[in-house]
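Enquirer: Chains as they are written, first to last, in our numbering: chain U, 6 to 200; chain B, 6 to 200.
C-beta atoms are modelled at their ideal positions from N, C-alpha and C, and glycine is treated no differently.
Take a look at this one; I'll ask things after.
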DNA sequence: CAACATACGGAACGGCGTTCCGGTTGCCAA
DNA sequence: TTGGCAACCGGAACGCCGTTCCGTATGTTG
């Protein structure tokens with residue numbers, strides 16, 4: 006159920022074997038390349054790693070953003086699902102929010118260049134933008150609402166703004182040991198608390 | 006005294022008239038292009054605007070970062086000089102810090118793409134990075150130290166981290182009406198305060 | 001095994017930043 | 001005024017990028 010599309014009778018009449026093999030090789034190669042060289046690794050490098058031509062990449066993933074989404078889908082999904090769980094497990098909604106944001110930061114700072122790609126206004130990255138937003142904004146919203154309802158934080162900020170802010174703060178983390186994105190995010194979250 | 010180099014006997018033996026004319030035309034053209042299309046406007050566009058060849062740009066400004074620095078030098082200088090002034094004029098060091106950061110945010114959000122360029126780890130932008138840091142970190146440090154000494158903020162954060170955080174939060178502001186960088190910066194600064 | 005849809009590889013395209021160099025032009029000395 | 005030279009100019013050229021296109025190869029199905 007974590008696959009791209011599930012349920013219903015397979016309306017896609019099954020792909021050719023080599024196509025499926027290449028798609029998997031591409032996902033593996035891309036994941037490895039992203040770790041080594043960041044998400045802006047040249048498309049050709051990924052193609053070489055996977056042992057395919059560049060055309061094959063674009064047939065499977067119409068834009069580089071789709072490839073990024075495909076590679077990280079599981080982790081994003083896991084992050085989204087952790088929201089309600091944290092809300093149930095934590096002492097207060099605010100604590101749940103803080104821990105959830107920690108999770109999000111963990112995810113972002115370990116993916117070189119991903120936070121930057123998320124903010125790019127390049128049309129090619131709209132898919133990426135949209136997927137993150139669709140999946141995470143509702144979760145964040147729920148946490149935020151609960152914390153506001155509990156009177157723990159000011160109702161200053163919407164989920165979209167918070168997520169973008171956190172995402173922005175994570176840009177460049179990992180490239181520069183002097184820059185501690187996590188601490189800044191903590192301060193931001195602290196600033197959210199009622200005084 | 007606000008010019009690029011002043012004082013001392015001119016060790017540079019005076020440039021040719023056309024060179025000086027072109028340099029000025031380039032600065033004007035670049036400033037206009039930055040407003041219209043952001044700081045990542047293609048170099049060729051700037052050249053066309055200025056009525057010169059691209060070679061001329063690189064002769065005067067070895068990298069695009071140098072051009073950006075040259076265009077905004079005055080404003081950055083003004084921002085730096087406002088630091089001590091605010092410290093003298095404000096009720097508390099924390100208030101001065103908050104107002105100074107406001108100034109910095111004002112500067113960044115009105116320059117499309119500048120905040121993003123500031124964070125780029127591309128080698129070509131090292132000059133840009135270095136200039137901002139050299140000029141603003143000491144000022145921010147002074148404000149931060151004063152506020153810490155007054156017991157107004159926690160000594161959690163160094164000037165470098167704060168400036169980068171604020172810079173990061175300003176990325177993409179102006180492209181997206183749903184994203185209010187200023188509010189996030191305010192929250193961050195609020196988080197800095199002692200509780 | 002044939003024949004056809006599907007998928008493949010990589011050349012080709014347009015755009016970018018930057019470099020290079022043959023031609024031009026401002027400047028100063030004669 | 002003019003000659004000559006250093007300084008400067010324009011834009012072609014280079015290498016890298018993402019993306020598109022198409023002739024060819026191959027899995028699949030009857």
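#1: If we count the other Cβ atoms within 10 Å of its Cβ and call it buried at 16 or more, is residue 98 of chain B buried or exposed?
#2: Give the residues of chain U in contact with residue 124 of chain B, contact being defined as C-beta atoms less than 8 Å apart.
#3: Where does residue 206 of chain U fall in DSSP's three states?
#4: Quick check on the burial criterion: 16 or more other C-beta atoms within 10 angstroms. Buried or exposed for residue 166 of chain B?
#5: Please name the residue in B:178, B:52, B:169, B:152 whose C-alpha comes closest to that of residue 117 of chain B.
#6: Using 8 Å as the limit for Cβ to Cβ distance, is residue 11 of chain U near chain B?
#7: Residue 27 of chain B versus chain U: which residues are under 9 Å apart at the beta carbon?
#8: With H, G and I counted as helix, E and B as strand and the rest as coil, what does DSSP make of residue 198 of chain B?
#9: Strictly below 7 Å CB to CB, what residues from chain U border residue 128 of chain B?
#10: Of all the alpha helix (DSSP H) runs that stay within the bounds of the stretch 85 to 163 of chain B, which reach a length of 4 or more residues?
#11: Rounded to whole angstroms, what is the Cα-Cα separation between residue 205 of chain B and residue 45 of chain B?
#12: In chain U, which residues lie with their C-beta within 8 Å of the C-beta of residue 135 of chain B?
#13: If you measure beta-carbon to beta-carbon, which residues of the stretch 68 to 90 of chain B are closer than 9 Å to chain U?
#14: DSSP three-state label for residue 68 of chain B, please.
#15: Could you tell me whether any Cβ in chain B is nearer than 8 Å to the Cβ of residue 38 of chain U?
#16: Can you give the Cα-Cα distance for residue 142 of chain U and residue 92 of chain U, rounded to whole angstroms?
#17: Figure out for me which residue from B:148, B:138, B:76, B:181 has the closest Cα to the Cα of residue 100 of chain B.
#18: Counting C-beta neighbours from all protein chains within 10 Å, is the total for residue 184 of chain B 16 or more, i.e. buried, or is it exposed?
Expert: Well, looking at it:
#1: Buried, by the Cβ-count rule.
#2: Chain U residues near residue 124 of chain B: 121, 176, 177.
#3: Any property of residue 206 of chain U remains undetermined from this structure, which presents chain U solely from 6 to 200.
#4: Here residue 166 of chain B is buried, its C-beta having at least 16 other C-beta atoms within 10 Å.
#5: Out of B:178, B:52, B:169, B:152, B:178 has the C-alpha closest to the C-alpha of residue 117 of chain B.
#6: Because the pLDDT at residue 11 of chain U is just 39, under 50, the model does not fix this residue reliably, and the value given afterwards should be weighed accordingly. False, the Cβ-Cβ gap to chain B never drops below 8 Å.
#7: Below the 9 Å Cβ cutoff, chain U contributes no neighbours of residue 27 of chain B, its closest Cβ being approximately 32 Å away.
#8: Residue state, collapsed to three classes: strand.
#9: Scanning chain U for C-beta atoms nearer than 7 Å to the C-beta of residue 128 of chain B yields nothing, as the closest lies near 12 Å away.
#10: Annotation: the stretch 85 to 163 of chain B contains the following complete segments of the alpha helix (DSSP H) (minimum length 4 residues), in chain order: 98 to 114, 119 to 124, 131 to 154.
#11: There is simply no residue 205 of chain B to check, as chain B begins at 6 and stops at 200 in what is shown.
#12: Correct list: empty, because the minimum Cβ distance to chain U is about 13 Å.
#13: Cβ contacts with chain U: none found.
#14: Looking at residue 68 of chain B - three-state DSSP - the assignment turns out to be coil, as it is neither helix nor strand.
#15: No, its Cβ sits nowhere closer than 8 Å to a Cβ of chain B.
#16: Approximately 15 Å between the Cα atoms of the pair.
#17: Of the candidates B:148, B:138, B:76, B:181, the one whose C-alpha sits nearest the C-alpha of residue 100 of chain B is B:148.
#18: The residue in question, residue 184 of chain B, is buried, as its Cβ has 16 or more Cβ neighbours within 10 Å.
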